[in-house]
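Engineer: Counting from 9, one number per residue, gives the positions in the sequence shown under this note's numbering.
All C-beta atoms, glycine included, are put in the ideal place defined by N, C-alpha and C.
Please read all numbers here as calculations on a predicted model, not as lab measurements.
I have a structure I would like to understand better, so I am pasting it below and will then ask my questions one at a time.
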Amino acid sequence: MYIGIDLGGTNIAAGLVDDSGKILYTKSTPTLATRGYKAVIDDINKLVKDIIEEAKVEKNEIKAIGIGIPGLADKDGNVIFCVNLGWENIPLRKMMEEELNIPVFIDNDATVAGLAEYEFGSMKGCKNGILLTLGTGIGGGIILNGEVYSGVHGVGSEIGHMIIGENFYNCNCGKNGCFETFASSTAIIKYTQKLISEGNTDTIILQKVEGDLEKINAKVIFDSAKEGDRVAKMAVDRLVKYLVIGIFNIVNFMDPEVIALGGGISNAGEYLLNLVKEEFEKFKYYKTLPAANIVLAQFKNDAGILGAAMLGKHGVR
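Quick look at the structure:
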């Protein structure tokens, strides 16, 4: 058995997972990152101990612990940075292994979510696949030849910061043109607000948010587009266009079997998927060859725990 931990900016979720991917027991606690990294790591260690005790398993039955973090870690298990937590150069693996005496493996949260999709979800059965998590930003989980790929320095899956064009606002990283400034929930919200601010006020979006542009979210935009709203469709079309540009770039340099779309934007479901597939056909130039199968990710809330547990499984096998 393994313990998977999804370390987020708001909550820490942990679960006991067996070899078949069944989540047997879960527990969570608020992150409260402002207390400092030592207090948060103490809480993570306590979560692990509580799960072992409450699930009534022996400690020696836990083969490994995997952790998905909202940031980057090196091969030695040091957290290089986690912006949401305010962490930089934190020896997370060392501090946990010293306390728990169980092997610990750490990677980016989108990477471990990709591992969950590879083992049990939308990428099951393929050796090379990519999960794109389309949320506030864009994360990437890369599976290469059946293994997690994070690059030599651990930053190989920062797909959201691939430069794909010039944009009207800068990314949080300080650069202009990042993929996630075109194809994330943040991106579509900002663009919709821009359209309305420029005079495109004949839209049901304004009715749904009672005239408050700050209340606009991705669901409101996609729901309005499905209802035929012109402004919403402009925003969705722009997101789809740049999402497909990013996907096309990935296909050209990696040629994966599957590209899975996850994260909050993927809640638009088949509506989004059909638009993406239709747009992708316009970009293909190897018309006689098969291309990556673009699908919706299967896992939602459980992806972090399940993928982290599988990270532990891959680490010790």
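Do VAL25 and ILE313 have their beta-carbon atoms positioned less than 8 Å apart in this structure?
Structural biologist: Taking 8 Å as the Cβ cut-off, ILE313 and VAL25 qualify as a contacting pair.
Engineer: Answer with buried or exposed for LEU55, where buried requires no fewer than 16 other C-beta atoms within 10 angstroms of its C-beta.
Structural biologist: Burial call: buried.
Engineer: Give a yes or no on whether the C-beta atoms belonging to ILE151 and LEU123 are separated by under 8 Å.
Structural biologist: Cβ distance < 8 Å, so ILE151 and LEU123 count as in contact.
Engineer: What does the alpha-carbon distance come out to for the pair HIS169 and ALA81?
Structural biologist: Straight-line Cα distance between these residues: approximately 17 Å.
Engineer: Is it right to say VAL91 is buried, meaning 16 or more other beta carbons lie within 10 angstroms of its own, or is it exposed?
Structural biologist: Answer is exposed; the Cβ neighbour count stays below 16.
Engineer: How big is the Cα-Cα spacing for ALA47 and PHE288?
Structural biologist: For ALA47 and PHE288, the distance between alpha carbons rounds to 47 Å.
Engineer: Where in the segment 45-131 do unbroken runs of the alpha helix (DSSP H), each at least 4 residues long, occur, reported from the N-terminal end onward?
Structural biologist: Counting only runs of 4 or more, we get 45-62, 100-108 and 117-128.
Engineer: What do you get for HIS161, buried or exposed, if any count of 16 or more other CB atoms within 10 angstroms of its CB means buried?
Structural biologist: Its Cβ having fewer than 16 others within 10 Å, HIS161 is exposed.
Engineer: Looking at ILE13 and THR39, is the spacing between their C-beta atoms short of 8 Å?
Structural biologist: No, Cβ-Cβ distance for THR39 and ILE13 is not below 8 Å.
Engineer: For THR144, which residues from the same chain have a beta carbon less than 7 Å from its beta carbon, with the 5 sequence-adjacent residues on both sides left out?
Structural biologist: Closer than 7 Å at Cβ, skipping near neighbours: SER192, SER193 and THR194.
Engineer: If you draw a straight line from the C-alpha of ASN116 to the C-alpha of LEU221, how long is it?
Structural biologist: So the two alpha carbons sit approximately 32 Å from each other.
Engineer: Does the beta-carbon distance from ILE114 to ILE70 come in below 8 Å?
Structural biologist: Taking 8 Å as the Cβ cut-off, ILE114 and ILE70 do not qualify as a contacting pair.
Engineer: Where DSSP assigns a beta bridge to SER36, which residues make up the other side?
Structural biologist: For SER36, which the question treats as bridged, DSSP gives the partners ALA21.
Engineer: What residues match up with VAL248 in a beta bridge as DSSP calls it?
Structural biologist: Partner(s): none; VAL248 has no beta bridge.
Engineer: Which residue's Cα is closest to the Cα of VAL248: ALA63, LYS285 and LYS227?
Structural biologist: Answer by Cα proximity: LYS285.
Engineer: Would you kindly report the start and end of the unbroken beta strand (DSSP E) that includes GLY137?
Structural biologist: Element bounds for GLY137: 137-142.
Engineer: Is the separation between the beta-carbon of PHE366 and that of ASN175 shorter than 8 Å?
Structural biologist: Because the chain here runs from 9 to 325, residue 366 falls outside it and cannot be looked at.
Engineer: In its own chain, which residues sit with a C-beta less than 8 Å from the C-beta of TYR157, not counting the 5 before and 5 after it?
Structural biologist: The residues are ILE150, ILE151, GLY164 and SER165.
Engineer: State the Cα-Cα distance for the pair PHE128 and PRO111, rounded to the nearest angstrom.
Structural biologist: Computed Cα separation, rounded: 23 Å.
Engineer: Could you work out which residue in LEU319, GLU61 and GLY271 is closest to THR141 when comparing CA atoms only?
Structural biologist: Comparing Cα-Cα distances from THR141 to each of LEU319, GLU61 and GLY271, the minimum goes to GLY271.
Engineer: What did DSSP end up calling GLY270 once you bin it into helix, strand or coil?
Structural biologist: Strand, per DSSP.
Engineer: So, with DSSP's three-state summary, where would you put ASN260?
Structural biologist: Looking at ASN260 - three-state DSSP - the assignment turns out to be helix.
Engineer: Are GLY185 and ILE172 touching if we call contact CB-CB under 8 Å?
Structural biologist: Closer than 8 Å, so yes.
Engineer: Kindly indicate which residue of LEU280, TYR293 and TRP95 has the alpha-carbon position closest to the one of PHE230.
Structural biologist: With distances taken between Cα atoms, PHE230 lies closest to LEU280.
Engineer: Check ASP330 in the structure and name its three-state DSSP category.
Structural biologist: Given that the chain is displayed from residue 9 to residue 325, the structure contains no residue 330 and the question cannot be resolved.
Engineer: Taking the continuous alpha helix (DSSP H) assigned at ILE167, which residues delimit it?
Structural biologist: From DSSP, ILE167 is part of no alpha helix (DSSP H); its letter is neither H nor E.
Engineer: For GLU155, list the residues DSSP reports as bridge partners.
Structural biologist: Bridge partners of GLU155: LEU152.
Engineer: Compute the beta-carbon to beta-carbon distance between GLY315 and GLY76, rounded to the nearest angstrom, for a pair I have assumed lies under 8 Å.
Structural biologist: Rounded, the Cβ-Cβ distance is 6 Å, consistent with contact.
Engineer: Mind checking which residues open and close the beta strand (DSSP E) that includes ILE302?
Structural biologist: From DSSP, the beta strand (DSSP E) with ILE302 extends over 301-304.
Engineer: Per DSSP, what kind of secondary structure is ILE255 in: helix, strand or coil?
Structural biologist: Helix, per DSSP.
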